[in-house]
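Residue numbers for the sequence shown follow the numbering used here, so the first one is 905 and each next one is one higher.
Below is one structure, written out as structure tokens; comments come after it.
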Amino acid sequence: MHDTETTHDTDTTHGTEISYGSGTAYGSEAFTAELTRAAAHVTPAFADLPDRPLTVRGASELSGTAGEELARQYDAHGFAIVEFTDERVTEDTHLLACKALGLGEPFVPKLYTLGNRVAPPVSVISASVNAGTEAGNHPSFGRSVGQELHVDGTLQPMGMIKATLMSCQTPAVQGGVNTFFDSVGAYAELLRTDLPAALTLANPRVLVRRANINGSDEAKTGPVYAVIEDRLVGHYCLTDTDSFQTVDDVSPEDFARGLAALAEAARPGSPYCRTVTLRENQAVIFDNTRLSHGRTAYEDSSGNRRCLFRTLHVRHPQPESAS
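Okay, structure coming up:
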């Protein structure tokens, strides 16, 4: 197996409210100005998308000009797809791609290691492969059900998980379609068209994310959107363990209007929504600070047992030749 070290989550405080941006008070003129300045630099993610994946012979080629092109597409669109023409996707090739793209070591959330569990750096997403194992109990890794829109890193501070890499060894016989929502792009537009509604979504207490694996029901409260290092970052999540709550300093009417605008932007056919079906020996890397993602339910057959590999990363792609 390809040698790798793993970045473990050992010192993150969970269940608490996190500070974001420059620390300006919610609702102040400075707070609003910070959001609008960041929004001015947001461009539509899905304009002029490539009509086919980037192709390379193998994962190691991603340290060259192909990796630079993949990183360019990632920066422009929030995601990029690559196909390996001469190499089968395995955990080893997945880790080689991580290294070539300069992603650093895979990040393993503390949540995955509760109860003295040993969490591998690469997660296997497969109802069939994980059947009968502890991973089979994971609501997304071990089941073939669909997933609502979310961002990875349930209990991590907002913006900590920068990138997610998923590679496909075997697609499902039916379903398993990935959805990407340009959440930050939709929010930037809302800031321009309905500022009062948009501001409610930046309140630091309106989103509650709760764990539901390994016996944990720990929760984290935060905003849906924030400015981090001068960039708009999104945490738009709709799973069963995510919830929106009204708070005293937020107008319920403005809040409802903001949520409705995002729900409309996330509908199929919206310019802020795209679907991707990974094929055999393809991989997708996406910006977890910019896009929300989900998937449809899927069906396996004896010859097609959907199997994907996934890693989380605390940096954006920086191919070796570009560093």
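Every residue gets a Cβ at the ideal spot worked out from N, C-alpha and C, and that includes glycine.
Say whether the segment 986-993 touches the segment 1083-1091, bearing in mind that this needs 3 or more beta-carbon pairs closer than 8 Å, one atom from each stretch. no
Indicate the three-state DSSP secondary structure (helix, strand or coil) for G1040 in the structure shown.
-> In this prediction, G1040 has a pLDDT of 46, which is less than 50 and means its spatial position is unreliable; nothing more can be read from the coordinates.
**Report entry** Counterpart residues of N1082 in DSSP-defined beta bridges
**Finding:** V1180 and R1199
Of the listed residues T1074, I1132, S1174 and E1052, nearest to S1205 (C-alpha basis) = T1074
(message) According to DSSP, is L1216 part of a helix, a strand, or is it coil?
(response) strand
Notebook entry, point to check: A963 to E972, Cα distance in whole Å?
Noted result: 13 Å
F1213 beta carbon less than 7 Å from that of F1084:
no
Spatially closest choice to S1071 from T997, A1130 and L1099, by CA coordinates:
T997
Task: Pairwise C-alpha distance: Y1202 and A1001 - done: 26 Å
Would you tell me roughly how many angstroms separate the C-alpha atoms of R1047 and R1210, rounded to the nearest one?
11 Å
* For S1071, name the three-state secondary structure that DSSP assigns. => strand
**Message:** Tell me the rounded alpha-carbon separation between S1027 and T1215.
**Reply:** 6 Å
Practice item. Would you mind giving the Cβ-Cβ distance between V1154 and H1139, rounded to the nearest angstrom? I have them listed as a contact below 8 Å. Key: Contact doesn't hold; Cβ gap of about 16 Å is too wide.
message = Distance check for H981 and G1006, CA to CA, integer angstroms please.
response = 19 Å
key: Spatial distance of K1003 from E1122 (CA atoms)   = 32 Å
7 Å Cβ cutoff, E1157 in contact with chain D:
In the structure shown, chain D does not exist; there is a single protein chain.
Is the segment 1134-1152 in contact with the segment 1053-1063, if contact means three or more CB pairs nearer than 8 Å? yes
Q.
Quick check: the Cα distance between P1108 and A1023, rounded to an integer number of angstroms?
A. 31 Å
Next on the checklist: Nearest by alpha-carbon distance to N1192: which of T1181, N1185 and H1217 is it?
Outcome noted: H1217
(request) Helix, strand or coil for D979, going by three-state DSSP, please let me know. (result) helix
* At which residues does the alpha helix (DSSP H) containing H945 begin and terminate? -> Where H945 is concerned, there is no enclosing alpha helix (DSSP H), given that its DSSP letter is neither H nor E.
Within this structure, are the beta carbons of E938 and V1131 separated by less than 7 Å?
yes
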